[in-house]
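Worksheet: one structure, shown below.
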Amino acid sequence: MVTLTFLASGYSVLHAQGQMPSSTSSEITGIVLDSLTKRPIEMATVSLSANGKVLLSMSSDQSGKFNFQIQDNIVYTISVSFMSYHTYCSKPLTGTRQLVIMLTGNAAALGEVVVKAKTPPLQYKNDKLVYNAGTDISNKTGSATDVLRKVPLLTVGVDGEVKLRGNSNIKVLLNGMPSGMMAKNLKEALKIIPASSIKSIEVITSPSAKYEAEGAAGIINIITKKAVKGTSGSVDLSGGNLEQSANAVLSINREKFDYSFNLNTSRNQLRTVSTLERTSFINGQRSGSLYQQNDATQYDRGTSAGLSLNYRPDNSQKIGAYLSYWRGSWPAKNSSYNRLSDATSLSEYNQRSRQSGLFNYYELALNYQKKMNKKDQELTIKAMIGRSDDRSDYLTNRFNLSGSKNFTEKGPNTGKNWDSDIQADYSHPLSRAGKKLLETGVRFTRASSQTAYEVYNNQSNPGSEQLDRIGSRSDAMDYFRNIYSGYVSLKLEAGKQWTIRPGLRFEGTAINSTFKSNQLSFSATFSNWVPNILIAKKLNDHHEFRFNYTERIRRPFIWDLNPYVNASDPRNLISGNPQLRPEKTRMLELGHAYNANSNLMLNSSIYYQFTNDAIESFTTVNAQGISLTTPSNVASSRRLGCNINAALELNKDWSINGGLELYRVWFKSPVMYVSNNGNFYSVNLNSSYTLSKAVTLQLSADYSNGFVTLQGRNTAYWNYRISVQKEFLNKRASALLSFNNPFQRALLQSSYATAPSFSDNATNTLYSRAFSVAFSWKFGSVKKQIDEQQVRNEEGSAPRRRGKY
């Protein structure tokens, strides 16, 4: 598929060159600003015309910038338009130009407005693949987890685990900032973020040295919606048989101050019926078997609130603060039938268990941005502090087949966590034309925690209500991790078509953990030099090729290190491993981006990843048939894969986008005498059709053939959704009816795992058929301010700047 894409792209290059000679030795670059505030305007429509015909159109980026490659012997004009602003039209232009375009407010349009910009669902910007979630009407219900299912390169498992190119070792940012909540409990944090609050999702597989090296597979950046100038807000409500949510946002945007407040709450549930058949071996001989039937329901409840303030003392400075609070709980209950047998005995019993989890997380983030006199010269300082209080408990009761209770166990686990982060970034142009840019920065991060875990049961007195503390399984752990880092990165533009971005990052890590009683304390220090390089070749306005080499690392999370044993199912134990060490992943990638005049976007790549000392969950079974799953540095992995993503606007009413991911993976663990390999592929497809001016139909689906793991693999998994939206009140309000898997009551997925000590087969039936009804309302007005001088830079010359290069 990718080979065909490259061949097709090659034909398009020749065809395009037949229409436009390749001697494009000049370019028109520019930045779009608000004439009053001098703030960049993102997503403004910029069009390049010649002889009265529009040749190309694009959207300004987050910094308000745009660029076009042109021919020297043609006279061009530039036009820029954006909602609530006068349309800008330049004078005739030839040769290389640097434009500073000031858009002025449109008095006729500056009353109460609804911004309805036409944005493509998929875009490729520099080194990012961007999924514009706001273009998908079905994203008015559900959570961030549901949005990620539709993003190319990403797959979301039945348990909510997010993977990028089959790898769950990812770094998730919120509005470009690290979030302690995301690092602490990604699955639960994603469930709390309402889908309706998300503007776009950025996927970065080859981050520059400026980004933290954490996240072996890459970076996911979740961008939430921002208010337009003035006072505005929105309310989103949704309810259904499995999910309910509410989200409210209020923003006040003035010339020097921005205020924003958001509040959301959500509830969802998922029922899973499963079976497990396991055979145990000792020295290659069968020693016993376990059969389980389990019926479990998990309830997730979450609430979050945020208050932000931005202050701009002048056109060159910005000071911001953001205070957020997150609260979540995920109680679960399950009942099971168990049959355990060995050569001499048979045991049968029923079991009922209840698990509870609760966290409260507080975070304060501060940032300062200073733009200097030179173009792209900028200083940014960011700081964050966070604290969380956590509790997770389980209670298990075992009954014989006659209904008498004969065993009880409970395990409380409490924790307190503190996070702090401070970083400074500086960029400096090395040439007047901005073709050479130096970026450098430093960062310090500290994470610490205090965890206490205990186990109580009546094993010494079966049937008794008196539970004894089991000292060998109870303890307390104090833990801290310090990370010191610094980086340097260069961006070099050679000629008109080449971009080279080498970078080097250093990260030093110190960890320490002490236990109150049972285990030896440990500490470790390690350092990582993380190089990367990106080479991009832009053939013309349609085609761009890129090559990159990237190294990324994954440090173990606190729950990976916590030796607390979750024994809610006494036959299947789960524990952390305090001896884990970081893993390093290296990746080579060759990619291609194609943008056609016919509203077609294609992005494809071929990549190879390899990791040594990979952190993998490994399961062992003891002589009693009890399994223990714990993360360990026991394996190496290699991936060879490709992907292709496309977006096509068939006409003004119908658009379609989707992606295909395909790779082969090899796992090997000489220590555990286990190896495995296999093929994986996933497909996602989204289509939107406007039935009338106010009614839109949305269809989406995703399918994968099942992940390959170190010890086995899963079978196929799929989802599909149908949504219909009706807009009213002059498109200020909308109602949405959505169905998830409407034609099947449940989804069945199987898995198997093997090791020298066991083999097992499991099936999971997920009751995911759902419907929901959503209502959205936008309100507010844009502040009426008109620039009397109608400032425009008709000649397109760059503003005068102080200082020397």
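For the sequence shown, counting from 1, position 787 maps to 1818 in my numbering; every step adds exactly one. Every residue, glycine too, gets a C-beta built ideally from N, C-alpha and C.
Please list, in chain order, all residues of the same chain as residue i whose beta carbon is under 8 angstroms from its beta carbon, the five residues on each side excluded.
i: T1150; result: M1074, S1090, N1163, G1165 and T1166
i: P1123; result: V1106, Y1107 and T1108
i: I1229; result: A1164, G1165, N1170, A1175, V1178, I1253, I1254, T1255 and K1256
How many angstroms separate the CA atom of residue i from the CA atom of residue j?
i: Y1515; j: P1613; result: 15 angstroms
i: V1111; j: S1719; result: 27 angstroms
i: S1269; j: L1681; result: 31 angstroms
i: T1127; j: I1564; result: 28 angstroms
i: L1535; j: K1724; result: 52 angstroms
i: L1067; j: T1135; result: 8 angstroms
i: N1444; j: A1666; result: 30 angstroms
i: L1204; j: G1333; result: 19 angstroms
i: Y1734; j: N1715; result: 6 angstroms
i: K1547; j: A1507; result: 5 angstroms
i: F1649; j: D1791; result: 13 angstroms
i: T1651; j: S1663; result: 12 angstroms
i: R1385; j: A1214; result: 26 angstroms
i: K1222; j: K1467; result: 42 angstroms
i: L1397; j: K1413; result: 6 angstroms
i: Q1490; j: Y1368; result: 20 angstroms
i: L1693; j: L1797; result: 25 angstroms
i: L1195; j: E1470; result: 27 angstroms
i: A1374; j: S1318; result: 7 angstroms
i: T1574; j: R1695; result: One detail in the question is off: residue 1574 reads as His in this sequence, not Thr. H1574 and R1695: Cα-Cα distance of roughly 28 angstroms.
i: E1485; j: D1509; result: 15 angstroms
i: R1180; j: G1061; result: 35 angstroms
Can you tell which of the options has the C-alpha that lies nearest to the C-alpha of residue i?
i: S1355; options: K1405, L1371 and F1292; result: F1292
i: S1803; options: S1790, T1785, G1811 and L1767; result: L1767
i: I1232; options: I1254, Q1640, A1240 and N1492; result: I1254
i: C1673; options: F1099, P1183, N1314 and R1070; result: P1183
i: K1447; options: L1728, Q1481, G1465 and F1810; result: Q1481
i: D1289; options: F1810, L1087, K1349 and K1467; result: K1349
i: T1328; options: S1387, G1319 and N1278; result: S1387
i: G1494; options: N1098, G1434 and D1450; result: G1434
i: D1092; options: Q1102, G1083, L1064 and Y1119; result: L1064
i: N1608; options: I1753, M1618, R1586 and N1299; result: R1586
i: R1577; options: Q1528, N1630, N1593 and S1199; result: Q1528
i: N1736; options: S1713, L1730, N1750 and T1125; result: S1713
i: G1337; options: R1358, G1465 and D1600; result: R1358
i: K1568; options: E1524, I1584 and N1603; result: E1524
i: L1671; options: L1621, L1592, S1057 and E1496; result: L1621
i: R1776; options: V1755, Y1751 and A1786; result: Y1751
i: W1449; options: N1104, Q1729 and A1478; result: A1478
I believe residue i touches residue j by the beta-carbon criterion, under 8 angstroms. Please report the beta-carbon distance rounded to the nearest angstrom.
i: V1739; j: N1707; result: 7 angstroms
i: N1391; j: D1420; result: 5 angstroms
i: N1543; j: S1554; result: 4 angstroms
i: N1381; j: F1430; result: 5 angstroms
i: I1224; j: A1175; result: 4 angstroms
i: D1452; j: G1472; result: Contact doesn't hold; Cβ gap of about 13 angstroms is too wide.
i: L1307; j: A1793; result: 5 angstroms
i: E1394; j: M1632; result: Not confirmed; about 36 angstroms, so no contact.
i: F1789; j: F1312; result: 6 angstroms
i: V1193; j: L1217; result: 7 angstroms
i: I1132; j: Y1119; result: 5 angstroms
i: D1591; j: L1611; result: 6 angstroms
CB-CB under 6 angstroms to residue i, same chain, minus the five flanking residues each way: which ones, in chain order?
i: N1170; result: A1164, V1178 and A1226
i: R1383; result: S1366 and N1428
i: L1301; result: Q1329
i: E1758; result: A1725 and S1765
i: T1296; result: A1277 and T1334
i: A1677; result: L1633
i: I1584; result: A1244, N1559, P1613 and K1615
i: V1755; result: L1728 and L1768
Would you say residue i lies against chain D (beta-carbon separation less than 8 angstroms)?
i: A1336; result: Of the chains in the structure shown, none is chain D; there is only one protein chain.
If you drop the 5 nearest sequence neighbours on each side, which residues of the same chain put their C-beta closer than 7 angstroms to that of residue i?
i: R1343; result: K1287 and K1349
In the region 1703-1780, which residue ranges form an unbroken beta strand (DSSP E) of at least 3 residues, counting only runs that do not cross its ends?
Taking only runs of at least 3 residues, the beta strand (DSSP E) segments lying wholly in the region 1703-1780 are 1705-1721, 1726-1735, 1743-1745, 1748-1759 and 1764-1771.
Length at least 3, wholly inside the region 1403-1470: the beta strand (DSSP E) runs in chain order
Within the region 1403-1470, the beta strand (DSSP E) runs of at least 3 residues that lie entirely inside it are, in chain order, 1409-1430, 1436-1441 and 1444-1460.
Would you mind listing the beta strand (DSSP E) stretches within the region 1077-1130 that are 3+ residues and don't spill past its ends, in chain order?
Complete beta strand (DSSP E) runs here, min 3: 1084-1090, 1096-1101 and 1108-1112.
Report the start-end ranges of each alpha helix (DSSP H) in the region 1204-1258 that is 4 residues or longer and not cut off at the edges.
Entirely contained in the region 1204-1258, the alpha helix (DSSP H) runs reaching 4 residues are, in chain order, 1211-1215 and 1217-1223.
Unbroken beta strand (DSSP E) runs of length 3 or more, entirely within the region 1499-1583: which are they?
Fully enclosed beta strand (DSSP E) runs of 3 or longer: 1506-1525, 1529-1546 and 1553-1569.
Start-end ranges of the beta strand (DSSP E) lying completely within the region 1148-1181, minimum 3 residues:
List check, beta strand (DSSP E) in window: 1153-1156 and 1159-1162.
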